[in-house]
Every structure is written in C-alpha cells, then in structure tokens.
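Q:
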Amino acid sequence: MNKKKRILSGMRPTGPLHLGNLHGALANWLEMQKKYDCFFFIADWHALTSNYEDTGSISEYVRDMMVDWLSVGLSPDTNTLFVQSHIKEHAELFLLLSMITPVPWLERNPTYKDQILQLSNKDLSTFGFLGYPVLQAADIIMYKADGVPVGIDQVPHVEITREIARRFNYLYRKVFPEPESILTKTPKILGLDRRKMSKSYNNAIYLSDSPDNIASSVARMITDPQRAKKNDPGNPDICNVFEFHKLYSNKETANNINKECRKAQIGCVECKKIMAQNLIDTLEPIRAKREYYKARRETVDEIIKEGCNKARKVAQQTMEEVKSAMKI
Ligand code: TRP
Ligand code: SF4
C-alpha cells in the first residue's frame, strides 16, 4: 500500500484568527486533511522569538487557536494537532541542528533582515530570533514531512530547512527527507481598509466576532474608491465588498449586485448590509462550535493532550535515529 504523504505546518499563536487566515492557510489545511497524513501545530516557542517581553497572553492564545481550528473543522481524529512547547524533542533537535547550521545561512535569510527592519520597535538582535529557521527546521524534519504548506513569506525558511536536512544527512547518515514547500494561495479578500487583512493593521474580521461586530466592521469597509456618491456607477471588479459577496452570497445575489452596482441602482450601504448578513449566516456554524468549545476548556485541553501524545511518539522515534546517526 502506498503510504499517504505527510504534511506539516504551524501557526504562531499571536492572536485570534481572522477571515484572511480562514481563506488562506486554514482553507488549504481543510483540503489537505482529506488526502494526507497531516501534522498541524501551534508554534508557541516561535511566538516568543519576537514577543519575548510580553508573554502574558501566549498560553490563552494557544488554547484559543485550537478552539478556532476545531471550530472551522480540522479533525483531531484524522490529523495530529499539537502544541510545539509540549514536545520537548523540538528543543533537543533544535540544539543539535544549531551545531551544524552555519551562521551566514541565517544572517542572509531575507525574512530575518526584513523583520528586523519592520519591527524596529523591538530588539530582535537575539540569538533566538536569528535561530528562528533552525527551530522551524526542527519542527519540520522531526516528523519527516514531505510537504509544508506555507505562505510566500515562509518559503525561505523551508529552503533553509532543506539545506539543514541535507547537511545532516551528509555529515552523519541519511535520516531526513528534504521537504517541499506547498505555496498557499493568498486570499482574494482584503482588510476593511483594502490593505492585507492583518491583526496589526486593525482591519480584520475575526472568527470570534459577534454578529453586531461583523455588521459594524462591514459598514466601515472601503468600497470602490471612485464611487463617491450613490448616483455614481460603481465597479465591483475593484471593490473589496464584492469579493466578499463572491464568497458569502449566492450566485444570483452576486450577479444582481454586479449589474446594479454598475448602473448605480444599488447603494453601497445596502449592498454591504446584504453582504454582512450573508457573512454572519455563513459564519454561524463556526461561531456555534466556537461557543461549544469555549465552554468546555477540559475537552480542548484533552484534545491538545492527545494530539501531543501522538506527535511525541513520532518525535521520540526520530530522536532515537538522530542520536544513533550522530553517535551520541
Ligand atoms: N514560521 C511560521 C509562521 O510564522 C510558523 C511555523 C513554525 C511553521 N514552524 C513551522 C510553519 C513549521 C510551517 C512549518 O507562519
Ligand atoms: Fe462595492 Fe457594493 Fe458599493 Fe458596488 S454597491 S461599489 S459592489 S459596495
């Protein structure tokens, strides 16, 4: 029998998940879980690399992230869902890999340089931040993943992972396959202000938002910027609200809006109201599941524990092979 391909990916628990995450990474994971042997984990140690000063919310974000995952339909039965810091083997492999990783590989990592510039309010001149890709390499090769679904910004880290795996295999013995990145398509919808949807831009709609919250967020959305007055014809092709209609309204509604907008037969306020309601209705099952899990802390903790037990078994096996290859 052909063994299923193994897929692994992780997310840093830096806050609640929004629609950008849902239509980006999560949509992709939901597809993958149907076909592959999937390992998905919450990278709480990675969250520390840039948030080491303010660690107070991380553990709450971890549980919340698992709640979001379960609510959108990631299955804890067919996948291995776990938390990085619960598997101490990640730290051990990180340490061993750090011995064989040349510092210049890390210094020339484009994400490293970029983040230091972008997050200039933080002191990122730490050993841990430089070593971010080494920890990520440990996460990935620990489970001998074949494929790693990631956004474009993470591709350099998967590249470094391949280089580290290759170097390990060359120095000691072939233990690790070289994982491939599987590029996640960027979602078509943008944030309320038409920039990329992101927590740090304060322009996101969250899975945890209440219907009222959603309605008022949608009311704030920037539409076709050329359409100043209700009597001006609009252009749905460049309107973010219309992208939402394509996702959340039925075909007929979207088609009608498409026509009416171009002839100035519908105003943006009304158009948004229709969309907001459809969005609220679409998210309703997710919201209901969120409430279910939010009210059952022990259930979520139990799911985390079981996922970690599954992951740990694989990790321990790999560490045996690693240590035997390294003769330690
Ligand atoms: N660095 C990833 C991000 O910020 C999260 C991550 C950590 C990850 N370890 C991983 C992703 C391993 C894929 C595989 O999005
Ligand atoms: Fe966008 Fe709708 Fe306004 Fe047209 S009517 S510009 S699709 S919000």
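All the letters of the sequence shown, read from the start, carry residue numbers 40 to 367 under the numbering used here. We put the beta carbon where it would ideally sit given N, CA and C, even for glycine.
Report all residues from its chain with a CB closer than 6 Å to the CB of alanine 350; omit the five preceding and five following residues, and keep chain order.
A: Taken in chain order, the residues that qualify are Thr119, Phe121 and Ile126.
Q: Taking only the alpha-carbon atoms, compute the straight-line gap between proline 373 and proline 143 and give it to the nearest angstrom.
A: Residue numbering for the chain in the displayed model covers 40 to 367; residue 373 lies beyond these limits and cannot be assessed.
Q: Counting C-beta neighbours from all protein chains within 10 Å, is the total for phenylalanine 78 16 or more, i.e. buried, or is it exposed?
A: The residue is buried, with at least 16 neighbouring Cβ atoms inside 10 Å.
Q: When the distance is taken between beta carbons, is leucine 174 closer than 8 Å to phenylalanine 133?
A: Yes, they are a contact pair.
Q: Say the cut is 7 Å; is the CB of isoleucine 296 nearer than that to a heavy atom of the ligand SF4?
A: Result yes, Cβ under 7 Å from the ligand SF4.
Q: So which residues touch the region around the ligand SF4, with touch meaning a C-beta under 6 Å from any heavy atom?
A: After applying the 6 Å Cβ criterion, the set is Thr262, Asp263, Arg266, Gly273, Pro275, Cys278, Val280, Phe281, Ile296, Cys300, Ile305, Cys307, Cys310 and Lys311.
Q: Which residue from Pro55, Asp83, Ile46 and Asn90 puts its Cα closest to that of glutamate 70?
A: That would be Ile46, whose Cα lies nearest to the Cα of glutamate 70.
Q: I'd like to confirm something about isoleucine 46: is its beta-carbon nearer than 7 Å to some heavy atom of the ligand TRP, or not?
A: No; taking the cut-off as 7 Å, the Cβ of isoleucine 46 has no heavy atom of the ligand TRP nearer than that.
Q: Would you mind working out which of Ala184, Met50 and Gln157 sits nearest tyrosine 75, comparing C-alpha positions?
A: For tyrosine 75, the nearest C-alpha among the options comes from Ala184.
Q: Kindly indicate which three-state DSSP category leucine 229 falls into: helix, strand or coil?
A: Coil, per DSSP.
Q: Let me check one thing: in DSSP terms, what residues is isoleucine 81 bridge-paired to?
A: Met50 and Val122, per the DSSP bridge assignment.
Q: Using the three-state DSSP reduction, which class does serine 237 fall into: helix, strand or coil?
A: Three-state DSSP puts serine 237 in coil, outside helix and strand.
Q: Reducing DSSP to helix, strand and coil, say where lysine 195 ends up.
A: Per the sequence shown, residue 195 should be read as proline rather than lysine. Proline 195: helix per DSSP, three-state reduction.
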